[in-house]
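Residue numbers (this note's numbering), protein chains in the order written: chain A, 1 to 463; chain B, 1 to 433.
Quick notes on the structure that follows.
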Amino acid sequence: MRVQKSLLRLGMSLFLISGSLVSGFSQARVVEYKLANGLKLIVSEDHRAPVVVSQVWYRIGSSYEHNGITGVSHVLEHMMFKGTQKIPPGEFSRIISANGGRENAFTSSDYTAYFQRLEKSRLKVSFRLEADRMRNLRLQDKEFQKEVRVVMEERRLRTEDKPESMTYELFNAAAYAVNSYRTPVIGWMNDLQNMELADLKDWYQRWYAPNNSIVVVAGDVNAEEVYQLAKKYFGSLKPSENLRRPKPQIEPAQKGLRRIQVKMPAQLPYLLMGYPVPSLKTAKLEWEPYALEVLAGILDGGDSARLSTRLIRGKGMVSSAGAGYSLNTRMSTMFLLEAVPAQGYSIKQAEAALIKEITDLKQNRITQDELNRVKAQVVASNVFERDSIFYQAMQIGRYETVGLGWRRIDEYVPRIQAVTAEQVQQVARKYLKQDRLTVAELVPLPMNTKKGKAGKGGQHGHH
Amino acid sequence: MDIIKKILVGGLCLLSFNLQAAPKIHHWVSDHGAQVYYAHAPGLPIVDIEIVFNAGSARDGKKSGLASLTNHMLSMGAGGQDATRIAKRFEGVGAVFSNTAGRDMAVLKLRSLSQKQWLAPAIETLGLILRKPDFNKKDFERERKRYLLSLKREKQNPGSVAARAFYKAIYGNHPYANMTKGTTASVKALNQRDLKTFFKQYYVAKNATIAIVGDMDKATARKLVDQLMKGVSSGKAAPALPKVAALTRSRVIRINHPSTQSHILMGQPGNYRGDPDYFVLYLGNHALGGSGLVSRLSEEIREKRGLSYSVYSYFSPSARKGVFQIGMQTRNDQVEKGLKVLRKTVKEYVAKGMTKKEFEASRKNITGGFPLRIDSNKKILGYLAMIGFYNLPLTYLDDFNKKIEAITLEQVHETLRRRIVSEHFVTVIVGGA
């Protein structure tokens, strides 16, 4: 027990010092500006390397979509590279490339974002081009017809041919009966097949505007200079007059366990389970999301956490397992658990093993040793994350687009440190209830037979 | 069109910019013979350590999967402390330990806060793993089962099936032919003794490269290495690997898979670290399929025809010639069309070379983007480990842009024609008929 004791002590001292841990080092300075047209600019100065990352975030994503047009936010993201009134298709990327830049874009349930990474003197290239495509995109049917096929290929790559991704997609459709987190970010295949240019035009006109966007710049820049640059390029853009606040779409209370199967050609079974839980944005008690984060850490925060020590190595019942929760979502979310049974064990046994761990968390308090370890990891990883300016900008963009505001990023470490073992038990009891559980099971069909192929009917979501 | 012109004019000044100086790299040999590469990065209270042994799967011999499983087992028990105890020792001080084996390298990595009270326990644990891994029978049997399941899982992924067939066809009897995780049969045949023997031979100081980056001065880094390697035997450096033979004929391999897309891989042996053509090939590939949406393959396959979400080409330089690989995925009924466009594009590119415009654009992207290669401790660590392991000059980063700028368009043409032989490509197609 000697080692554990010394760890405990280390753990304690960690919290005492953590407040001053990064002082004296290049602590990022974050400044916020607002333009007259509603555009928000957030600059995070980090002078370690002569580079800059520029990200333009829009408060729009798949959770804003309704049935019939699912995937439209993501297809529009692809079309944003297809030219404006001034710039021909593909030229945006060529200009960024000629300036030594790297670029990409990403769409999620709550946001769509575009970014460039550049040598620091090139920021204006990014601003000029991003400002142009914020309001002046030229949506042409010829380009759309090709690009929507690219997106269908992307869907095949990411989802259709990946049994576990397919299970996740259908899990969401079962776990959320109403809330729009039920639809996949990439959209249902049938909606992609029936998408029209007009759908994109409506979407673009409504949501792509300075009053719905946040520009995040991180790197070796001067905040005031970036502000002047932003005014120059984004300042004259007209705001959107028909922005709509999304409806809350609160999920009706679940009245009992839901269970689905996904049958498709695969080699291994897979189990995915989830309980509805609040996010930081929707929680009535502010400490609860942080307690849920700690709970996820107790189960899956590294090789010393419970799923690894007890299930993968201890009992050897599962070959892999995980637990996941993310507190920065716009609406309430899911606490997820997953497992692949070890050779000789069934899905049923894997499920029982995971439920047993949940029951344990409800019945017994976690140990101080475990709690300290999770906290130590949080404190350290908060420092590690600063090695990436891209990640810093990502965090700011996420907190902004889900409606939390970037200032709350700094609350994360102290709030985690304040979580008690009792609180972890409380959230387990309150949220991880059997009657609120959804279970999805991937049932492998043979890979090499015609029958196996026919089994792909399961992917259309009949369950 | 006004905007474009202005931006391009701005772009022309690019080469005259005085870009970031590369980090100063210090090199020394530890007491027992490990090659150490160190760079000071005092900006954040972090220390990163990467230890690379010349013990990748190219050393497997007939026991495919041996290098990978040996590396994997290191943290599963050492000095009588089990996997959980080891994980607790790292994670209790917030340190992140990871390990992995590729074809050339067997890697152990540690990221820790730099203050002594957090760093010291993590270093002590890392030292334990380096000196005294247990390779317990029970742990070995369990982890081997997990490997077998993971090998089984790979078979449901058309991309993994394609990669396996691709390497086998390109490398034949060369050690690079095998996938690092081995095969079901080869992993089943392994035993603990194999792992112990492998560890004893290859996890030795003279076969090690150590990279350190972070908030730690040089004298402390020296002490740290001495402490880490204390008790690790000197041993011998691994011998050179055999050379890779050129392909002599084209081959097309089709594998049925119940997927909606077919994965296409095409290629040949590429280049090696320290290859005199390295920079020319890097530049030469950039406009073909190495620059995302602006590359020629992307233009032909994705932008013009909407055939694939991802299409690329790359060189994967290794101790010996790694693969030159071209890849895409497309709906099953579009395979022939995709193949035709891929082949035509590559053939034309090699025969006629890059255009002058492509040449200029690629040069600008590579040199102008140089600061992005070294903008974090993590990336610098990766470069140090690579420079050390492949015995590249310490000035590799300082010289990077100069090397690119010295290349002529003629040189690119000549080199592509000499090094890429598309008539002898291996082509693998995995998907539904």
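The beta-carbon is built from N, C-alpha and C at its ideal position, and this holds for glycine as well.
Ranking B:S68, B:K63, B:R320, B:V107 by CA distance to the CA of B:A211 puts B:V107 first. For A:A380, the enclosing alpha helix (DSSP H) begins and ends at 368-384. In the structure shown, A:Q392 falls within a helical segment according to DSSP collapsed to helix, strand and coil. For A:F115, no chain B residue has a C-beta closer than 8 Å to its own C-beta; the minimum C-beta separation is roughly 12 Å. By the neighbour-count criterion, in which 16 or more other beta carbons inside 10 Å mark a residue as buried, B:Q117 falls on the exposed side. Distances from the alpha-carbon of A:R122 to those of B:P371, B:F389, B:G431 put B:P371 closest.
Annotation: Cβ neighbours of A:T309 in chain B (cutoff 7 Å, chain order): T84. Neighbours of B:K364 across chain A, judged by C-beta separation under 9 Å: S97, A98, N99, G100.
Within the region 124-140 of chain B, no residue places its CB atom closer than 7 Å to a CB of chain A. Note on the region 200-280 of chain B: whole beta strand (DSSP E) runs with a minimum of 3 residues are 208-214, 251-256, 261-269, in chain order. Closest in C-alpha terms to A:R29, from the list A:T367, A:W406, A:S304, A:K201, comes A:W406.
Per the DSSP secondary-structure output, A:F335 pairs in a beta bridge with A:Y275. Against B:K145, the close residues of chain A are G316, S319, A342, Q343, G344, in the order they occur along the chain (beta-carbon pairs closer than 9 Å). Ranked by how close their Cα comes to the Cα of B:Y309, the residues B:R331, B:N71, B:L416 have B:R331 in first place.
Listed along the chain, the chain B residues whose CB falls inside 9 Å of the CB of A:P265 are Q156, H257, P258, S259. In the three-state DSSP reduction, B:I51 falls in the strand class (E or B). By the 16-neighbour rule on beta-carbons within 10 angstroms, A:G301 is buried.
In this structure, the straight-line span from the alpha carbon of B:A319 to that of B:G382 is close to 16 Å.
The beta carbon of B:I212 sits no closer than 8 Å to any beta carbon of chain A. Relative to the Cα of A:F384, the nearest Cα in the group B:K62, B:L110, B:H174 belongs to B:L110. Within chain B, L293 have C-beta atoms less than 8 Å from the C-beta of A:F81, given in sequence order. Using a Cβ-Cβ cut-off of 7 Å, A:D387 is close to L44, I46, S376, N377, K378 of chain B, given in chain order.
For the C-beta of B:Q329, the chain A residues within less than 9 Å are, from N- to C-terminus, E153, R156, L157, D161. Burial check for A:Q145: the Cβ neighbour count within 10 Å stays below 16, so the residue is exposed. Against chain A, the beta carbon of B:K152 has neighbours under 7 Å at Q267, L268, listed in chain order. Using a Cβ-Cβ cut-off of 9 Å, B:Y309 is close to V150, V151, M152, E153, E154, R155, R156, L157, R158 of chain A, given in chain order.
Distance from the CA atom of B:S160 to the CA atom of B:K188, rounded to whole angstroms, is 20 Å.
Taking the beta carbon of A:F335 as reference, no residue of chain B falls within 7 Å; the closest one sits roughly 21 Å away. Secondary structure at B:H174: coil, using DSSP grouped into helix, strand and coil. Residue pairing for A:D191: DSSP places it in no beta bridge. Taking every protein chain shown into account, the CB of A:L257 has fewer than 16 other CB atoms within 10 angstroms, so this residue is exposed.
The beta carbon of B:T183 lies closer than 8 Å to those of S64, G65, L151 in the same chain, with the five residues before and after it left out. For B:T367, the closest Cβ of chain A is nearer than 8 Å. Excluding residues up to 5 positions away in sequence, F127, R128, A131 lie with their Cβ nearer than 6 Å to the Cβ of A:Y233 in the same chain. Just measuring C-alpha positions, the residue of A:D110, A:P446, A:L442, A:N99 sitting nearest A:L327 is A:D110. B:E405 has its alpha-carbon roughly 27 Å from the corresponding atom of B:Y37.
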